[in-house]
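Protein chains: 2
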Amino acid sequence: MATIKEIAEAAGLSIATVSRVLSNSNYPVSDDTRARILKVAQELGYSPNLAARSLRTDQSSLIGVILDNFSSTWAPIIIRGLQDVLHSRGYFSMVVNIPWQIYSQSDVVQNLLGHSVDGFVFVETWHPVGEHLGLLNEKPYVTVHRLFHEPDPFSVIPDDVYNSTLTIDHLIQLDHQRIAYIAGHEEYFSSEERLTGYKQSLANVGLPVEQDLIFRGDWSITSGYQNSQRIFALANRPTAIAAANDQMAYGAILAAQDAGLRVPEDIAIVGYDNDEIAQVSNPTITTVQMPLFKMGRIAAENLLNRIHGKEHVATEQLIKGDLFIRQSSGDPAGADIRAHDYTRDSNIPDSQRTRR
Amino acid sequence: MATIKEIAEAAGLSIATVSRVLSNSNYPVSDDTRARILKVAQELGYSPNLAARSLRTDQSSLIGVILDNFSSTWAPIIIRGLQDVLHSRGYFSMVVNIPWQIYSQSDVVQNLLGHSVDGFVFVETWHPVGEHLGLLNEKPYVTVHRLFHEPDPFSVIPDDVYNSTLTIDHLIQLDHQRIAYIAGHEEYFSSEERLTGYKQSLANVGLPVEQDLIFRGDWSITSGYQNSQRIFALANRPTAIAAANDQMAYGAILAAQDAGLRVPEDIAIVGYDNDEIAQVSNPTITTVQMPLFKMGRIAAENLLNRIHGKEHVATEQLIKGDLFIRQSSGDPAGADIRAHDYTRDSNIPDSQRTRR
DNA sequence: TTTGACATAGAAAACGTTTTCTGCTATTGT
DNA sequence: ACAATAGCAGAAAACGTTTTCTATGTCAAA
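Protein chains in written order, with this note's numbering: chain D, 1 to 356; chain A, 1001 to 1356.
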């Protein structure tokens, strides 16, 4: 590995000058010497020692990314979005998985600071950042898809209220008047937001919000199944069920099938997330997808702006999602599972789509 | 951030001595001064500047992890396994997603070297490491779950031959005599290995290997569906189908249902991978799971051994998986989808299981 | 002319470590 | 009792950068 010093000798110049051109300083250097240095650097295959640079400038070009759960469906897509802009701007990320249960005990963040990261991204974490980590006052941070309730001025989150209305409005357009709702776990921020969307959609067209039609699940298939059984037992059975995620929607489908009800003819069902299960279940599930890749990109841009001291409007950013109409609400085209392949996330550039 | 110098002043000692105790050098230091230094360091909240350390020692405690596809089902679990041992040994990983299509053009690896990473892990990559990256001769590396055919002495891969026999032996025990096989894409290493396992199991019990019963898919649900249609059209219909992954097994289930066949009564079906789809499909799919978390751990240990110059037997390490018996091969207990929650990977410690 | 101002380049300090070298004291072996 | 050694601590160099300070020559304005 060639150093700046070797280049200086080879070019017959001082290391100061070499540094100035190789670090893109805006200190004036004649075109002549600049060209000579670049040429020599090229020939010697120079690549800067980032440890030395970091030591001198106290900037590492390293971003700490902290996850609650690496294996969630969303996290990898968000991270790809983050890295898409970070890499293009010369930054690297150090992604660490810290389950919220061991959050406070963990010294990982401390170690990240030892690497003098330039900032943090919290992805799908549980607690307000400052709560466990007072030390973060030193470094800029952003949060993506936060799970907690307290607002955070530097977060990029899906517009769950709006997204939820997409599925409910869709059902209303299909002339459903009585729509049951299976909410998610109440300790989740998203859960309450989606419920709000459900209520808004009904209110918008003058439909009553009946408490008897609102059920509480815990995101699991099982809870979707069990709540649906209760829904089917209602005296005046609703014609549609909206669930706060695709897992519960799938549970509803299983329950309907076990109860001898046809989906969507007897009961229409919609979900949320566009998880794999929504794309492969039988019938496929009408759902809404958060633009995770884009959210990652925006978060990274916000963070870099903060790091470089640019103006950043400190406010939550709500990102809208897209509706996917499939069989479970009555679109026969959803049958394409057997005929076509599917991809996971329409926000992924073609070059990065999964091959398998 | 306190430095070694400040601690030296506060303790009335030289920075050399402070460094020796704080870096766990084995240079002799009296218990007295060692205790004093540790106390002061504790009080001042010392955390070493890793850039400086890295500059001086040319070791960064950083590991580059290179992925072909972040969003695969397997990658996150492997990475968690990697990080489980890396973090406990004071290392951090820089995970980068480089699709094989842009592999050679990418300067990401070059940049990683600029960060003077101590080693590389290649996860699910496509090409033999050296092929595109001659520079790797400088740094130790290991590969996990490699997708290419050429053997690699430093790889940790699933024992696909053995794992495949688990599902076939299972079918044979259930008295199936004619078992069709849907193989994966032939350019994948795993694909051919799993096919070999199928043939071995048949040969072991003296069953003939009929070329007419071996079909070629491309991992997709669609290809499982279409190949199964051909299987059902055979004059002497097999009583079981084994697929090289769960997606194709699911395609087989859909095809069976569309053909009016009952699974498993008329046709038994087994898959491979224990993907989410195997756990939630109706019927649930008998399959085999690779111990991804463990593979990640072993790979990390191998790498650290190489880095620290310890003896490492340079040979592929084949890791055995576990059979999961479910409904699609005839186990009624698989019905538990409606009654119980499921988790993705039994190798994940409880504290890290997905919450959602 | 003279005076700045500017463009350009080098010398040297600094960032926070680790480690070699040097030196002192106390202990051991003869 | 004396040399050799071991234990311990400090001074200083080094790692590869960036950046301040200094120095030169050139050019435009007065």
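Virtual Cβ for every residue (Gly too), placed ideally from N, Cα, C.
Cα-Cα separation, residue i to residue j
| i | j | result |
| --- | --- | --- |
| His-88 of chain D | Leu-234 of chain D | It is worth fixing the name first, because residue 88 of chain D is Ser in this sequence and not His. Looking at the two C-alpha atoms, the distance is approximately 56 Å. |
| Ala-1335 of chain A | Thr-1284 of chain A | Note that Ala-1335 of chain A scores a pLDDT of 47, beneath 50, so its modelled location is shaky; the value from the coordinates is reported in the next line. Roughly 7 Å separates the two Cα atoms. |
| Asp-1218 of chain A | Glu-150 of chain D | 46 Å |
| Ile-1004 of chain A | Gln-1042 of chain A | 12 Å |
| Asp-1212 of chain A | Pro-48 of chain D | 59 Å |
| Gln-200 of chain D | Val-123 of chain D | 28 Å |
| Leu-1202 of chain A | Leu-1147 of chain A | 26 Å |
| Gly-75 of chain D | Val-40 of chain D | Note that residue 75 of chain D corresponds to Ala in the displayed sequence, not to Gly. Straight-line Cα distance between these residues: approximately 42 Å. |
| Ala-299 of chain D | Glu-187 of chain D | 24 Å |
| Gly-1081 of chain A | Ala-268 of chain D | 41 Å |
| Ile-1077 of chain A | Asp-322 of chain D | 29 Å |
| Ile-277 of chain D | Asp-1152 of chain A | 36 Å |
| Ser-93 of chain D | Lys-1310 of chain A | 29 Å |
| Ser-14 of chain D | Ser-1116 of chain A | 25 Å |
| Pro-140 of chain D | Leu-292 of chain D | 22 Å |
| Pro-1158 of chain A | Thr-1125 of chain A | 14 Å |
| Ala-1011 of chain A | Asp-1031 of chain A | 14 Å |
| Leu-38 of chain D | Glu-1006 of chain A | 40 Å |
| Leu-1055 of chain A | Ser-1061 of chain A | 12 Å |
| Lys-1320 of chain A | Met-290 of chain D | 37 Å |
Residue environment, residue i, which counts as buried when at least 16 other CB atoms sit within 10 Å
| i | result |
| --- | --- |
| Asn-1236 of chain A | exposed |
| Asn-1024 of chain A | exposed |
| Gln-205 of chain D | Residue 205 of chain D is actually Val in this sequence, not Gln. Exposed is the call here. |
| Asp-1246 of chain A | buried |
| Ile-63 of chain D | buried |
| Glu-1193 of chain A | buried |
| Ser-19 of chain D | buried |
| Gln-83 of chain D | buried |
| His-1308 of chain A | exposed |
| Pro-208 of chain D | exposed |
| Thr-1315 of chain A | exposed |
| Gly-114 of chain D | buried |
| Thr-1057 of chain A | exposed |
| Gln-1177 of chain A | exposed |
| Ala-16 of chain D | exposed |
| Arg-1262 of chain A | exposed |
| Ala-183 of chain D | buried |
| Tyr-27 of chain D | exposed |
Member of the options whose CA lies at the smallest distance from the CA of residue i
| i | options | result |
| --- | --- | --- |
| Asn-111 of chain D | A:Phe-1154, A:Val-1123, A:Glu-1301 and A:Leu-1050 | A:Leu-1050 |
| Ala-35 of chain D | D:Ala-242, D:Tyr-188 and D:Leu-22 | D:Leu-22 |
| Arg-230 of chain D | D:Asp-58, D:Thr-17, D:Thr-57 and D:Tyr-181 | D:Tyr-181 |
| Asn-97 of chain D | D:Val-65, D:Asp-322, D:Arg-262 and D:Ala-52 | D:Val-65 |
| Gly-271 of chain D | D:Leu-171, D:Gly-119 and D:Gly-45 | D:Leu-171 |
| Asp-266 of chain D | D:Ser-328, D:Ser-220 and D:Thr-73 | D:Ser-328 |
| Leu-1160 of chain A | A:Ile-1325, A:Ile-1079, A:Leu-1318 and A:Leu-1323 | The question names Leu, but residue 1160 of chain A in the sequence shown is Asp. Of A:Ile-1325, A:Ile-1079, A:Leu-1318 and A:Leu-1323, the residue nearest in Cα terms is A:Leu-1318. |
| Tyr-91 of chain D | A:Gly-1090, A:Val-1095 and A:Tyr-1091 | A:Val-1095 |
| Leu-174 of chain D | D:Ala-299, D:Leu-292, D:Ala-240 and D:Ala-8 | D:Ala-240 |
| Glu-1138 of chain A | A:Thr-1033, A:Ile-1007, A:Phe-1120 and A:Phe-1324 | A:Phe-1120 |
| Ala-242 of chain D | D:Gly-114, D:Ile-157 and D:Asp-273 | D:Asp-273 |
| Tyr-46 of chain D | D:Asn-69, D:Leu-55 and D:Ala-8 | D:Ala-8 |
| Arg-1326 of chain A | A:Ala-1256, A:Asp-1275 and A:Leu-1055 | A:Asp-1275 |
| Leu-67 of chain D | D:Gly-296, D:His-185 and D:Lys-320 | D:Gly-296 |
| Gln-1059 of chain A | D:Gly-12, D:Ala-52 and D:Ser-61 | D:Ala-52 |
| Phe-232 of chain D | D:Ser-61, D:Arg-216 and D:Ala-255 | D:Ala-255 |
| His-185 of chain D | D:His-127, D:Ala-244, D:Val-156 and D:Phe-154 | D:Ala-244 |
| Gln-279 of chain D | D:Pro-99, D:Phe-324 and D:Lys-294 | D:Phe-324 |
| Ile-1179 of chain A | A:Asn-1163, A:Phe-1154 and A:Ile-1214 | A:Ile-1214 |
Residue i: CB within 7 Å of a non-hydrogen atom of the ligand SAM
| i | result |
| --- | --- |
| Gly-1251 of chain A | Of ligands this structure carries none, so the ligand SAM is not represented either. |
### Query
What residues from the stretch 1114-1127 of chain A come within 8 Å of chain D, judged by C-beta to C-beta, listed N to C?
Gly-1114, His-1115 and Ser-1116
### Query
With a cut-off of 8 Å, do at least 3 Cβ pairs link the stretch 275-291 of chain D to the stretch 167-177 of chain D?
They touch, by the three-pair rule.
### Task
Flag this pair as touching only if the stretch 250-262 of chain D and the stretch 219-226 of chain D have three or more C-beta atom pairs under 8 Å; answer yes or no.
yes
### Task
Could you list the residues in the stretch 270-301 of chain D with a C-beta less than 7 Å from some C-beta on chain A, going in chain order?
Glu-276, Ile-277, Val-280 and Asn-282
### Task
Can you give me, in chain order, the residues of the stretch 164-191 of chain D that have a beta carbon less than 9 Å from any beta carbon in chain A?
Gly-184, His-185 and Tyr-188
### Query
Which residues, in order along the stretch 317-333 of chain D, keep a beta-carbon less than 9 Å from a beta-carbon of chain A?
Per Cβ criterion, the list is empty.
### Near-chain A residues of the stretch 24-48 of chain D (beta-carbon distance less than 8 Å), N- to C-terminal order
Ser-47 and Pro-48
### Message
Any C-beta of chain D within less than 8 Å: which residues of the stretch 1069-1086 of chain A qualify?
### Response
Against chain D - using a Cβ distance shorter than 8 Å - the residues of the stretch 1069-1086 of chain A are Asn-1069, Phe-1070, Ser-1071, Ser-1072, Ala-1075, Pro-1076, Ile-1077, Ile-1079, Arg-1080 and Gln-1083.
#### Entry: Cβ-based contacts, 7 Å cut-off: residues of the stretch 236-260 of chain D near chain A
Residues of the stretch 236-260 of chain D that bring their beta carbon within less than 7 Å of a beta carbon in chain A comprise Tyr-250 and Leu-254, in sequence order.
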